[in-house]
Amino acid sequence: MPTPEPITVLVVDDHPIMRQGICDLLNGSGRFSVVGEAADGEEALRMAAELKPQVVVMDVIMPRTDGIDACRELMALLPDTRVMMLTAAAQEDAVIDAIAAGATGFLEKYAPPEEFITAVSDVAAGRLRVPDEAVKRVFAMLRGERPLETVKPLERLTAIERETLTYFASGTPYGEMARQRGISVVTVRNTLYRIQDKLGIETKPELVIWAVRNGLVDDVVVGIDEQ
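All letters in the sequence shown, in the order written, are residues 36 to 262 by this note's numbering.
Put into structure tokens, the structure is as follows:
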């Protein structure tokens with residue numbers, strides 16, 4: 036019986052040591068072939084378009100384009116590619132955002148090697164893979180056992196979202212935010228839309244007021260431009 040071809044994987048993480056460890060683990064398993072490495076979401080999108088991997092293993096929080104935005108764009112570009120998101124802690128908001136963006140799996144990056152390999156295999160086969168504890172927390176939240184309102188509002192936002200909101204509430208133009216973070220203006224807008232959706236805020240001025248009340252900036256910026 037012929038040996039099956041290894042599953043091709045693109046590994047995306049902004050920490051070189053973590054990225055190397057994941058590559059070594061996958062390549063050493065005999066099931067996978069790492070065809071590329073990327074340090075952020077924008078680089079991942081460029082490499083994925085060229086390499087067309089079967090699976091992308093990608094960190095959630097990264098500089099430039101974060102994992103959630105990159106996953107969403109990747110699904111539009113390569114809908115047959117499977118994405119497994121990695122995070123240091125599987126918070127329910129991150130799980131929901133990842134699945135909504137099109138990810139097939141979600142795993143804490145410090146999972147045991149055997150669990151990691153099994154998770155990537157499941158994702159490659161199209162099986163939804165989410166840690167049991169994360170699933171329990173999400174379902175508890177959706178059932179009302181732990182309403183979203185009981186989570187501190189600032190904790191709902193990722194580090195990238197907090198940084199973007201801080202820039203915005205401080206009056207930084209979209210173009211300048213994009214230049215400072217090395218991302219596109221579209222990504223800045225999408226990040227702000229996602230923040231508004233998470234917080235249930237309809238307008239940009241209300242978003243600035245929320246940022247002031249939650250200590251992200253010291254004073255309200257007058258004349259917010261919807262850009």
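For every residue, glycine included, the Cβ atom is placed at its ideal position computed from N, Cα and C.
- Residues of the same chain with a CB within less than 8 Å of the CB of Thr-201, apart from the 5 flanking positions on each side, are Ala-246, Leu-251, Val-252 in chain order.
- The beta-bridge partner set that DSSP reports for Glu-72 consists of Val-46.
- The DSSP assignment places 102-112 as complete runs of the alpha helix (DSSP H) inside the segment 83-133, in order along the chain (cut-off: 4 residues).
- Leu-163 counts as exposed, since fewer than 16 other beta carbons sit within 10 angstroms of its beta carbon.
- Distance from Ala-79 to Ala-105 at the Cβ level is roughly 5 Å; contact confirmed, criterion being Cβ atoms closer than 8 Å.
- Classified as exposed, Glu-190 has fewer than 16 neighbouring CB atoms from the shown chains inside 10 Å of its CB.
- Of all alpha-carbon atoms in Leu-227, Val-90, Asp-59, Gly-56, the one lying nearest the alpha-carbon of Lys-239 is that of Leu-227.
- Distance between Met-97 and Ala-123, taken at the CA atoms: about 12 Å.
- Distances from the alpha-carbon of Thr-38 to those of Gly-71, Ala-146, Leu-60, Gly-65 put Gly-65 closest.
- Looking at the backbone, the Cα of Gln-89 and that of Ile-42 are separated by about 6 Å.
- Annotation for Glu-241: the continuous alpha helix (DSSP H) segment containing it runs 239-248.
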